[in-house]
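*Asks:* Chains as they are written, first to last, in the working numbering: chain F, 31 to 317; chain A, 29 to 338; chain S, 3 to 536.
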Amino acid sequence: MIQRLGAVGLELVASVRRDPLLVLPLSVISALLIMALFASYIAPHSYERGDLLARLQPPSREHPFGTDHLGRDVLSRIVYGSRVTLMVILTVMTFSIVLGTAIGLAAGYVGGTLDVVLSRVVDVVMSIPAVLIALAVVAVLGQGLDRVVVAIVLAELPLYVRLVRSLVIVEKEKLYVEASKALGAEGLRIVRVHILPNIAGPIVVQATFTAATAVLFEAALSFLGLGAEPPTPSWGLMLYESKQYFRIAPHVAVFPGLAIFLTVFSINALGEKLRDRLDPRARALLK
Amino acid sequence: MSFLRYVFYRLLVAVPTVLIIISFAFFLAKLLPGDPITVMFGELQPPPEVRKALEEKLGLDKPIYVQLAAYVGRALQGDWGKSIHTGEPVTSLVARRFVATLELTLASIIISTLVGLLLAYISASRPNSAIDSLVRLISIGSYSIPVFWWGLMLILVFSVNLQLLPPGGKEGWRSLVLPSIALATVNLGMIARFSRAAMLEVYTQDFVTAARARGFAERLVMIRYVLRNALVPIVTLVGYRFGVLMGGAVITETVFNYPGMGKTIVDSIFARDYPVLLGSIMVISLTVVVVNLIVDILYAFLDPRVRVKA
Amino acid sequence: MGASRTFIAAVFLLLVILLAGAFLFLRPDVAPVPTAPAQTPVQTPAPTPTPALQEIEVLRISQRADLSTIDVQAAADSPTLNVFSHVYETLFIMRFDAAGRPVIENLLVESYRQINATLWEFRLKSGIKFHNGKLLTSADVKASFERGPRVGGMPRILLGPVSKVEIVDDLTFRLHLRSPFGPLLAHLAHPSTAIIPAEVAARYPDKPIDDVSLIIGTGPYRFVEFRKLEVTVLERFEEYHGKKPTVKRIEWRPVADDDTRISYLEAGNVEIVTHVPPHLAKILRDKKFQVVQMPSARVIYIGINTERIPDVRVRQALNLAVNKEAIVRGILEGAGTIMTAPIAPSVFGYVRLDPYPYDVERARRLIREAGFEGRELVMIAPQGRYLKDREIAEAVKMYIEALGLKVRLEFMEWAAYVSRVTTQKDFDLYLVGWSTATLDADYGLYSLFRTGASFNRMHYSNPVVDDLLDRARQSADPAVRASLYERAQVQIWNDAPWIFLHVEDIIVAMKPGIVGVEIHPIERWILTYAMISK
Numbered sequence: 031m032i033q034r035l036g037a038v039g040l041e042l043v044a045s046v047r048r049d050p051l052l053v054l055p056l057s058v059i060s061a062l063l064i065m066a067l068f069a070s071y072i073a074p075h076s077y078e079r080g081d082l083l084a085r086l087q088p089p090s091r092e093h094p095f096g097t098d099h100l101g102r103d104v105l106s107r108i109v110y111g112s113r114v115t116l117m118v119i120l121t122v123m124t125f126s127i128v129l130g131t132a133i134g135l136a137a138g139y140v141g142g143t144l145d146v147v148l149s150r151v152v153d154v155v156m157s158i159p160a161v162l163i164a165l166a167v168v169a170v171l172g173q174g175l176d177r178v179v180v181a182i183v184l185a186e187l188p189l190y191v192r193l194v195r196s197l198v199i200v201e202k203e204k205l206y207v208e209a210s211k212a213l214g215a216e217g218l219r220i221v222r223v224h225i226l227p228n229i230a231g232p233i234v235v236q237a238t239f240t241a242a243t244a245v246l247f248e249a250a251l252s253f254l255g256l257g258a259e260p261p262t263p264s265w266g267l268m269l270y271e272s273k274q275y276f277r278i279a280p281h282v283a284v285f286p287g288l289a290i291f292l293t294v295f296s297i298n299a300l301g302e303k304l305r306d307r308l309d310p311r312a313r314a315l316l317k
Numbered sequence: 029m030s031f032l033r034y035v036f037y038r039l040l041v042a043v044p045t046v047l048i049i050i051s052f053a054f055f056l057a058k059l060l061p062g063d064p065i066t067v068m069f070g071e072l073q074p075p076p077e078v079r080k081a082l083e084e085k086l087g088l089d090k091p092i093y094v095q096l097a098a099y100v101g102r103a104l105q106g107d108w109g110k111s112i113h114t115g116e117p118v119t120s121l122v123a124r125r126f127v128a129t130l131e132l133t134l135a136s137i138i139i140s141t142l143v144g145l146l147l148a149y150i151s152a153s154r155p156n157s158a159i160d161s162l163v164r165l166i167s168i169g170s171y172s173i174p175v176f177w178w179g180l181m182l183i184l185v186f187s188v189n190l191q192l193l194p195p196g197g198k199e200g201w202r203s204l205v206l207p208s209i210a211l212a213t214v215n216l217g218m219i220a221r222f223s224r225a226a227m228l229e230v231y232t233q234d235f236v237t238a239a240r241a242r243g244f245a246e247r248l249v250m251i252r253y254v255l256r257n258a259l260v261p262i263v264t265l266v267g268y269r270f271g272v273l274m275g276g277a278v279i280t281e282t283v284f285n286y287p288g289m290g291k292t293i294v295d296s297i298f299a300r301d302y303p304v305l306l307g308s309i310m311v312i313s314l315t316v317v318v319v320n321l322i323v324d325i326l327y328a329f330l331d332p333r334v335r336v337k338a
Numbered sequence: 003m004g005a006s007r008t009f010i011a012a013v014f015l016l017l018v019i020l021l022a023g024a025f026l027f028l029r030p031d032v033a034p035v036p037t038a039p040a041q042t043p044v045q046t047p048a049p050t051p052t053p054a055l056q057e058i059e060v061l062r063i064s065q066r067a068d069l070s071t072i073d074v075q076a077a078a079d080s081p082t083l084n085v086f087s088h089v090y091e092t093l094f095i096m097r098f099d100a101a102g103r104p105v106i107e108n109l110l111v112e113s114y115r116q117i118n119a120t121l122w123e124f125r126l127k128s129g130i131k132f133h134n135g136k137l138l139t140s141a142d143v144k145a146s147f148e149r150g151p152r153v154g155g156m157p158r159i160l161l162g163p164v165s166k167v168e169i170v171d172d173l174t175f176r177l178h179l180r181s182p183f184g185p186l187l188a189h190l191a192h193p194s195t196a197i198i199p200a201e202v203a204a205r206y207p208d209k210p211i212d213d214v215s216l217i218i219g220t221g222p223y224r225f226v227e228f229r230k231l232e233v234t235v236l237e238r239f240e241e242y243h244g245k246k247p248t249v250k251r252i253e254w255r256p257v258a259d260d261d262t263r264i265s266y267l268e269a270g271n272v273e274i275v276t277h278v279p280p281h282l283a284k285i286l287r288d289k290k291f292q293v294v295q296m297p298s299a300r301v302i303y304i305g306i307n308t309e310r311i312p313d314v315r316v317r318q319a320l321n322l323a324v325n326k327e328a329i330v331r332g333i334l335e336g337a338g339t340i341m342t343a344p345i346a347p348s349v350f351g352y353v354r355l356d357p358y359p360y361d362v363e364r365a366r367r368l369i370r371e372a373g374f375e376g377r378e379l380v381m382i383a384p385q386g387r388y389l390k391d392r393e394i395a396e397a398v399k400m401y402i403e404a405l406g407l408k409v410r411l412e413f414m415e416w417a418a419y420v421s422r423v424t425t426q427k428d429f430d431l432y433l434v435g436w437s438t439a440t441l442d443a444d445y446g447l448y449s450l451f452r453t454g455a456s457f458n459r460m461h462y463s464n465p466v467v468d469d470l471l472d473r474a475r476q477s478a479d480p481a482v483r484a485s486l487y488e489r490a491q492v493q494i495w496n497d498a499p500w501i502f503l504h505v506e507d508i509i510v511a512m513k514p515g516i517v518g519v520e521i522h523p524i525e526r527w528i529l530t531y532a533m534i535s536k
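Written out as structure tokens, the structure is:
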């Protein structure tokens with residue numbers, strides 16, 4: 031499976047030549063990774079200290095993106111903010127894949143009453159807009175980036191449960207699984223050897239879109255003042271705090287928003303490419 | 029399965045959904061920080077004997093399943109409690125806000141459907157052309173835009189710079205323009221992508237080929253055969269997007285200070301006004317359930333194949 | 003799939019669109035408000051009507067916050083009390099003379115006399131009607147004064163000195179005091195000591211009123227409608243006992259967001275906006291709106307929970323760590339002045355003290371000496387309540403963290419915030435403002451710094467200060483009181499139970515042509531006698 035992913039990665043790079051539209055997404059993602067890894071070398075200033083007497087300054091040589099409401103360098107905050115974004119992406123992806131696959135497998139492979147109950151719950155949860163689930167979780171747990179991650183995972187989880195369950199049900203009816211069972215293979219072994227590798231593609235595709243959703247949700251919750259706490263350089267929080275100075279200092283809101291948009295756009299664009307490659311059932315997912 | 033039996037079946041399935049949603053609200057209330065009596069009194073905490081009497085009156089001393097049953101019973105009768113801060117019944121407060129959110133949601137559904145269909149029509153007419161790629165790009169862009177930032181940008185251009193429209197609030201239809209455009213922008217991409225696919229699928233079917241073979245003009249074929257036949261799945265998609273849009277409205281409202289459910293929810297989280305929070309979440313969820321139900325039934329009515337699957 | 007089904011689908015879509023369209027666009031539009039030429043702001047009571055001025059049918063005002071409660075006696079914040087100041091009345095009223103000095107005048111009271119140091123007798127004006135038609139009697143006063151302290155912190159402070167209300171006859175009553183109390187009449191002029199009908203008090207003896215139809219006072223306006231976060235409507239009470247109001251209907255439209263609030267004024271959706279942030283005041287001045295800016299009686303401070311931070315060195319270090327100058331000049335853009343005492347300069351008893359300088363080195367040293375390095379502090383702050391409150395809290399956090407401490411900052415909406423500050427102890431620092439609504443040091447110091455006082459959420463306790471404050475409130479001699487207050491303030495300043503920040507300015511903007519709006523330094527706006535030039 032890893033080999034397959036690697037091959038897809040290589041193909042992706044090769045396809046840049048055929049598809050120039052991929053240049054932007056790939057360079058944005060690379061830039062994001064580089065910024066996150068080398069934030070302290072790239073950022074010209076501190077992201078948490080500022081000069082109150084030099085606040086809301088327009089872009090200049092010293093501050094290419096200007097300064098914010100506390101006189102902090104906006105560029106430096108965006109650079110450090112990439113760490114927040116990546117952290118959110120990675121944790122949300124990990125937890126939703128692992129938990130979602132586990133629950134989905136349980137429902138799909140074991141079946142029976144467990145399946146009925148889980149499917150019913152997932153149906154109900156999916157009828158509630160994801161934003162509301164995230165808001166409810168935040169209301170219970172309180173503010174903070176870690177809680178935001180929990181909120182997003184809980185909002186995303188039903189998608190995975192439903193996806194994995196449906197894949198597993200198809201997969202377990204297949205001949206080779208039946209054959210292994212007949213040969214006396216253990217359930218867990220069947221899952222590991224036969225089922226997981228065959229359903230990994232769609233899950234990876236779904237995970238890409240989860241990455242995009244995670245960035246958007248974190249930004250949205252922070253924008254509502256319910257997510258990251260100051261002075262975390264969360265892009266959404268930066269937008270929230272700059273909102274009131276819109277009229278006199280638009281630059282403070284423009285740049286963090288662009289950062290969110292470019293990141294999400296790039297992830298989505300790559301996700302679509304991946305989907306074309308890995309998931310033959312692309313059409314179904316469009317819903 | 030006959031159509032009526034299908035409708036009956038769907039309604040029956042919706043009953044537990046509604047009950048589960050109300051139970052979710054109940055357990056959410058139990059999970060929220062602060063017990064209801066402390067929250068109710070705020071600044072002035074009552075003496076223990078008053079507290080005890082109140083616990084009995086509110087049934088908080090009973091086993092949890094009895095409380096749950098009582099809560100579901102009250103909720104079904106329309107008693108959702110009162111706002112902690114103003115004493116207004118949640119139902120009347122929520123009902124007022126709900127209309128505003130519905131207006132916003134419907135307005136953006138209309139805009140996004142029209143624009144989305146137009147984009148889909150353009151790209152489906154020339155599949156795999158440059159313009160098709162462009163539409164694809166616009167679509168990905170559409171669902172990648174953070175709606176709150178987009179809202180701010182619209183305010184910046186149309187109300188701060190051009191001074192054409194109000195930046196927020198709710199004063200007449202003018203204040204609905206920017207929020208619904210913002211919300212429509214992030215939704216039209218999905219509609220365009222899906223509609224394009226639906227149109228292309230119809231496009232390859234026999235009767236369309238036959239129509240073209242008969243020498244009808246390409247545009248006539250597109251409109252008369254392709255668009256019309258693709259409408260069923262498109263209407264369904266738009267219906268299912270309703271829930272996503274309501275969620276989006278929650279955030280959009282905050283940007284524009286639009287007094288709907290979204291703003292009510294965010295405000296009530298900050299104010300720890302839990303009855304209002306729970307009432308709002310329940311109303312939105314139940315609305316989505318009802319809309320999905322209607323769409324399911326409508327779809328089944330339009331496309332008999334669905335009933336068999338159920 | 004037959005053509006008929008497709009047709010039905012299309013019709014359905016069309017219907018939805020049409021319905022929604024009708025729904026959205028067939029609603030009445032708001033009529034544009036004609037603009038009038040610019041005029042200098044007026045902060046004095048109503049000018050005499052001249053042919054050039056006319057009554058106002060509807061006056062719409064946007065404050066930053068909505069009613070926090072519908073019970074006047076439970077309210078503690080000025081946005082709420084501003085609304086209720088038009089509905090309810092107090093025994094006395096604070097007005098301002100030409101020089102801006104506060105003067106206490108009779109309102110519901112016809113006459114009064116002091117029988118001895120702890121006994122006062124009052125006679126109510128006769129024929130004053132409540133909005134429900136009932137006549138005001140001594141029984142209403144007794145019921146209000148007995149209920150108030152049970153439901154609200156403000157009445158508890160203001161009526162604390164009163165031990166008993168004795169009814170003499172329908173219009174005459176006596177107040178028995180626990181001990182001699184200098185600023186009594188100023189307390190009876192505060193809107194939190196407003197008189198509510200006895201029957202309402204009887205119905206809600208110890209919990210907040212929760213029924214808007216029971217918002218009944220004797221004031222110039224009847225409470226007509228309350229829609230949370232949308233509008234509160236007051237209408238002229240035609241049987242009002244005082245001078246006939248010149249505004250028929252007042253609509254309070256709370257708008258938390260500053261930009262939206264200002265745009266409401268610009269678009270003519272409202273005539274008055276309060277709490278204008280400094281960075282927008284300039285824009286409004288440029289656009290020829292009337293902008294009134296004046297120092298308030300409100301100090302903004304960070305309370306320090308002395309139970310969790312008992313070491314005075316740490317508290318002084320916190321004061322040294324914060325650059326107040328930068329906050330006032332940077333964040334407030336000059337719309338405030340650094341605190342030079344625990345009370346504002348406009349308050350009786352104020353004495354000028356030297357602010358803690360911005361001295362990070364000394365602060366670090368004190369923290370080290372106290373062994374407080376690396377500690378994490380919990381700080382809570384409201385948002386949208388005071389000028390730039392959120393940013394000030396953020397800036398304070400930034401400064402404290404520069405000492406090597408960690409601050410966990412949490413923001414809350416006002417109503418929830420007040421409830422947390424007054425009932426919990428799970429925080430180290432909290433940002434609040436205190437407006438000395440009686441303009442007397444007793445109000446500004448006693449309930450904040452006296453051991454066990456209701457708004458002493460620092461849990462600060464110093465017997466020396468307690469003694470000084472007790473003696474000062476019992477004395478009737480201004481000179482004696484002033485010197486006692488001076489000593490108390492010096493002690494408080496050194497004990498540093500607050501991070502002393504600043505006194506904020508009031509900024510109110512109005513449509514040109516509106517005159518007669520009273521704006522008081524205690525952040526009170528009275529619209530009753532506003533008029534508009536033709």
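The beta carbon of each residue, even a glycine, is placed where N, CA and C say it ideally should be. Note that this is a predicted model, so its numbers are computed, not measured.
1. Please classify lysine 291(A) as buried or exposed, where buried requires at least 16 neighbouring CB atoms within 10 angstroms.
2. Per DSSP, aspartate 103(F) forms a beta bridge with which residues?
3. Whose Cβ in chain F lies nearer than 9 Å to the Cβ of threonine 280(A)?
4. Measure how close the beta-carbons of aspartate 301(A) and serine 111(A) come, nearest whole angstrom, since I'm counting them as under 8 Å.
5. Does the CB of leucine 32(A) have a neighbour CB from chain S at under 8 Å?
6. Below 8 Å, can you find three or more Cβ-Cβ pairs linking the segment 258–266 of chain A to the segment 309–316 of chain A?
7. In whole angstroms, what separates the C-alpha of arginine 489(S) from that of isoleucine 169(S)?
8. Would you call the CB atoms of glycine 376(S) and glycine 332(S) closer than 8 Å?
9. For glutamine 173(F), does the three-state DSSP call read helix, strand or coil?
10. Name the DSSP beta bridge partners of glutamine 295(S), please?
11. Should threonine 238(F) and glycine 141(F) be called a contact, given that it needs their Cβ atoms to be closer than 8 Å?
12. How would you list, in chain order, the residues of chain A whose beta-carbon sits under 7 Å from the beta-carbon of tyrosine 266(S)?
13. Reducing DSSP to helix, strand and coil, say where serine 535(S) ends up.
14. Taking its Cβ as the centre, do 16 or more other Cβ atoms sit within 10 Å of glutamate 203(F), making it buried, or is it exposed?
15. Name the residue from Ile382(S), Ser348(S), Ala328(S), Ala196(S) whose alpha carbon lies nearest to the alpha carbon of glycine 446(S).
16. Whole angstroms are fine: how far does the CA of glutamate 246(A) sit from the CA of leucine 254(F)?
17. Out of Leu320(S), Asn271(S), Arg287(S), Ala191(S), state which residue places its alpha-carbon closest to the alpha-carbon of arginine 359(S).
18. Please decide whether tyrosine 110(F) counts as near chain S, where near means a Cβ-Cβ distance under 8 Å.
19. Cα separation between glycine 266(F) and alanine 169(F)?
20. For the segment 312–329 of chain S, which residues have a CB atom closer than 8 Å to at least one CB atom of chain F, in sequence order?
*Replies:* This is what the structure holds:
1. Buried: at least 16 other Cβ atoms inside 10 Å.
2. Bridge partners of aspartate 103(F): Thr97(F).
3. By Cβ distance, chain F contributes nothing, its closest Cβ being about 10 Å from threonine 280(A), past 9 Å.
4. Confirmed, Cβ separation roughly 6 Å.
5. At a cut-off of 8 Å between C-beta atoms, leucine 32(A) does not count as an interface residue with respect to chain S.
6. Taking 8 Å as the limit for Cβ pairs, the verdict is that the segment 309–316 of chain A does not touch the segment 258–266 of chain A.
7. Distance between the alpha carbons of arginine 489(S) and isoleucine 169(S): 40 Å.
8. Taking 8 Å as the Cβ cut-off, glycine 376(S) and glycine 332(S) do not qualify as a contacting pair.
9. The answer is coil: DSSP assigns glutamine 173(F) none of H, G, I, E or B.
10. Beta-bridge annotation (DSSP): glutamine 295(S) is paired with Ile509(S).
11. Between threonine 238(F) and glycine 141(F), the C-beta gap is not smaller than 8 Å, which leaves the two residues out of contact.
12. Those are Gly197, listed as they occur along chain A.
13. Residue state, collapsed to three classes: strand.
14. Exposed is the label assigned to glutamate 203(F), since fewer than 16 other Cβ atoms lie within 10 Å of its Cβ.
15. Cα-wise, what sits closest to glycine 446(S) is Ser348(S).
16. Cα-Cα distance, rounded: 49 Å.
17. Checking the sequence shown, residue 359(S) turns out to be proline, not arginine. Measuring from the Cα of proline 359(S), the nearest candidate turns out to be Leu320(S).
18. Not closer than 8 Å to any Cβ of chain S, the Cβ of tyrosine 110(F) fails to qualify, so no.
19. CA-to-CA, the gap between glycine 266(F) and alanine 169(F) works out to about 18 Å.
20. Listed by position along the chain: Asn325, Ala328, Ile329.
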